[in-house]
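Since the structure comes first, as structure tokens, the remarks are kept for the end.
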Amino acid sequence: MKKPWAGRFTEKTSKVVESFTESISFDRRLWRYDIEGSIAHAMMLGRQGIIPLKDSKPIIKGLEQIANEIEEGSFEFREELEDIHMNIEAALIKKTGAAGKKLHTARSRNDQVALDLRLYLRHEIKEINLLITGLQRVILEAAEKNIAVIMPGYTHLQRAQPVLLSHHLLAYVEMFQRDKSRFEDALKRINTLPLGSCALAGTTLPIDRGYVAKLLGFEGITENSIDAVSDRDFAIEFLADSSIFMMHLSRLAEELVIWSTSEFAFIELPDAFTTGSSIMPQKKNPDAAELIRGKTGRVYGDMLSLLTVMKGLPLSYNRDMQEDKIPVFDAVDTVKSCLAVLLQMLPEIKFMRERMQDAAGEAYSTATDIAEYLVKKGVPFREAHGITGKIVLYCVRNGKQLGELSLNEFKKKDIEGRDSPFRGKETVKETQKNPEIKFGRIYA
Ligand code: ARG
């Protein structure tokens, strides 16, 4: 098949170059947006009298037919036609003859591909944000169901202070709220019409970009044609926002992995979302959660990949930019598949309330509350901290938890200059001056 651009060529493209440069194998995914953009463009060309209305009408009808054929799977995509833009245009010309040949007036694939990608991302970001809202809802429901469950809160992965499980879960709702607002913000820059920039220099023909922008639901039009065909910031921004979002999902996934270990045993993951081992019969592995954590690396890679493609490019369009689509598509797919898994898995997670509650009472995690109790009694916080530290030390030495101390034992502390339960005041003082000593003397 003759290529639409073959006029000045005398030789055929080599096969190896043809399959090296094609993008139809992956950019066919943009077909819907390519057709939507072409219909708006044809309407504008007809309205402006750049092409006769008797031509724009069959063009639009032909494009709609092509959309149906692609939808039902009967459309034949051809590698020698390089990409989705030329595949659709060639099919249109086959259907409509001379009329179809007028569609590419005042347009280039350079502004066309920028348009398609913007329309695609606009659609996907809206979908992703709806899914994130769904995820927030699922987390809110889990928090509500477990509203009064107490668990240890952590810093440094050491039990720090008791918190409500619902408080912990709602932290993720906040992260996801910021993620949504980042995506929304990216949308502002995505939702701008690049069409009319043509190859890079615009056109001498009397186009109406505002009309096309209105038809396609864009907020505005790009201001500089050279920038508009060179710009992939909007795609990189999407990838950066996706990376931050995946980082949040990965932290959630990591907690699900840790919490489901027998060491923690805070949750039980549903059978349907875990897998077994081929050798160890007892195993129930949190593979779905692990893969969410693992796929985060892919999305970071997608962002870095496009940043690197763009970093040395002179203005304006360069074919390197065709490499934008694979990472963008991969990130969209990865983000959506992780969301789909979490949306189903989270409602099925069983929280082991008693185990969490017990763990919250261990490891002296109520120490800060004891110090604050003393503060309420008028003890300066630094002193209260020191006194409580001694109480903890007493527990360590006597193999007790804070909750197991009797009122008498608390009262024995030298809070009011009474007798201390410690072996000798000297030892305690030394320990305070030089914390290292405690390992040698007191723990020994
Ligand atoms: N397939 C190309 C891409 O994805 C479309 C733009 C081609 N433009 C060009 N001048 N060869 O970037």
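Residues in the sequence shown are numbered consecutively from 1181, following the working numbering. Ideal Cβ positions, reconstructed from N, Cα and C, are used throughout, including at glycine. Since this is a predicted model, take the numbers as computed values, not measurements.
Exposed or buried, GLN1338, counting other C-beta atoms within 10 Å across all chains shown (16 or more means buried)?
Burial call: exposed.
Let me know the secondary structure DSSP gives GLN1612 once reduced to three states.
Its pLDDT being 47, under 50, GLN1612 is placed unreliably by the model, and the measurement read from it follows with that caveat. DSSP places GLN1612 in helix when its eight states are reduced to three.
Look at ALA1379 and SER1288 and say whether their C-beta atoms are less than 8 Å apart.
Taking 8 Å as the cut-off, the beta carbon of ALA1379 is found closer than this to the beta carbon of SER1288.
Nearest-angstrom beta carbon gap, GLY1400 and ALA1393 [assumed within contact, 8 Å]
ALA1393 to GLY1400, Cβ: 7 Å. Contact.
Can you have a look at VAL1197 and say buried or exposed, based on whether 16 or more other CB atoms are within 10 angstroms of its CB?
Answer is exposed; the Cβ neighbour count stays below 16.
Taking 6 Å as the limit between beta carbons, can you name the residues of its chain near PRO1450, skipping five residues before and five after?
Answer for PRO1450: GLU1528, listed in chain order.
Heavy atom of ligand 1 less than 7 Å from the Cβ of ASN1290, yes or no?
At least one heavy atom of ligand 1 is nearer than 7 Å to the Cβ of ASN1290, so yes.
Quick test of your reading: ILE1268 and ASP1214, contact by CB under 8 Å. State the CB separation rounded to the nearest angstrom.
About 6 Å; that satisfies the 8 Å criterion.
Using the Cα positions of GLN1462 and VAL1437, report the straight-line distance between them to the nearest angstrom.
Answer to the nearest angstrom: the Cα atoms are 17 Å apart.
Assigned secondary structure, THR1568 (DSSP; H/G/I helix, E/B strand, else coil)
In this structure, THR1568 counts as helix in the three-state DSSP scheme.
Report the three-state DSSP secondary structure of ILE1595 (helix, strand or coil).
Because ILE1595 sits at a pLDDT of 43, beneath the cut-off of 50, its placement in the model cannot be relied upon, and the following sentence gives the value as read from the coordinates. In the three-state reduction of the DSSP assignment, ILE1595 falls in the helix class.
For THR1313 and ALA1322, the rounded distance between their alpha carbons
One C-alpha to the other measures close to 14 Å.
Segments of 4+ residues assigned as alpha helix (DSSP H) that fall wholly inside the segment 1381 to 1408:
The qualifying runs are 1389 to 1395.
Just mark GLN1357 as buried or exposed, buried being the case when its beta carbon has 16 or more other beta carbons within 10 Å.
So GLN1357 ends up on the exposed side.
On the criterion of 16 or more Cβ atoms from any shown chain inside 10 Å, does MET1483 qualify as buried, or is it exposed?
It is buried - the Cβ of MET1483 has at least 16 other Cβ atoms within 10 Å.
Since MET1331 and ALA1543 should fall inside the 8 Å C-beta cutoff, what is the C-beta to C-beta distance between them, to a whole number of angstroms?
In fact, because the Cβ distance is near 12 Å, the residues do not count as touching under 8 Å.
Return yes when at least one heavy atom of ligand 1 lies under 7 Å from the C-beta of TYR1300, else no.
Answer for TYR1300: no, Cβ out of range of ligand 1.
Just grab the DSSP bridge partners of GLY1333 for me.
Paired residue(s): GLN1341.
At what residue ranges does the segment 1235 to 1302 contain a whole run of the alpha helix (DSSP H), taking only runs of 4 or more?
1264 to 1276, all fully within the segment 1235 to 1302.
Using 8 Å for Cβ pairs, my map puts GLY1229 next to ASP1296. What's the rounded Cβ distance?
The C-beta distance from GLY1229 to ASP1296 rounds to 26 Å, too long to fall under 8 Å, and the pair is not in contact.
To which residues does DSSP link PHE1200 through a beta bridge?
None, per the DSSP bridge assignment.
Three-state class that DSSP yields for ASN1465 in the structure shown:
ASN1465: strand per DSSP, three-state reduction.
Candidates ILE1305, SER1405, LEU1432, of which the one nearest SER1522 by Cα
The question names Ser, but residue 1522 in the sequence shown is Leu. Among ILE1305, SER1405, LEU1432, the Cα nearest to that of LEU1522 is on LEU1432.
Is the Cβ-Cβ distance between LEU1315 and LEU1519 less than 8 Å?
One thing to note: LEU1315 has its Cβ within 8 Å of the Cβ of LEU1519.
Cβ-heavy atom distance, ASP1407 to ligand 1, below 7 Å
False, no ligand heavy atom lies under 7 Å from that Cβ.
In the structure shown, what three-state DSSP assignment does PRO1531 receive?
In the sequence under discussion, the amino acid at residue 1531 is Phe, which differs from the Pro named in the question. Collapsing the DSSP output to three states places PHE1531 in a strand.
Answer yes or no: the CB of TYR1352 versus the heavy atoms of ligand 3, is any distance below 7 Å?
Judged by which ligands are present, ligand 3 is missing from the structure shown, whose ligands are ligand 1.
Is ILE1230 helix, strand or coil by DSSP?
It is coil, neither helix nor strand.
Can you determine whether any heavy atom of ligand 1 sits closer than 7 Å to the C-beta of ASP1263, and answer yes or no?
Result yes, Cβ under 7 Å from ligand 1.
DSSP three-state assignment for GLU1542, whether helix, strand or coil
Looking at GLU1542 - three-state DSSP - the assignment turns out to be coil, as it is neither helix nor strand.
Between the Cα of ASP1235 and those of LEU1283, GLU1259, GLU1249, spot the shortest distance and give me the residue it belongs to.
Nearest to ASP1235 by C-alpha distance, out of LEU1283, GLU1259, GLU1249, is LEU1283.
Does ASN1371 pass the burial test, meaning 16 or more other C-beta atoms within 10 Å, or should it be called exposed?
Buried, by the Cβ-count rule.
If you run the structure through DSSP and keep just helix, strand and coil, what is GLU1443?
Of the three classes helix, strand and coil, the one that applies to GLU1443 here is coil, per DSSP.
Please look up how many angstroms separate the CB atoms of GLU1202 and GLU1256, rounded, as I've assumed it's under 8 Å.
Not a contact, Cβ separation roughly 15 Å.
CB-CB under 8 Å to GLY1597, same chain, minus the five flanking residues each way: which ones, in chain order?
Only weak support is given to the placement of GLY1597: the predicted model assigns it a pLDDT of 44, under 50, and the question is left unresolved by the model.
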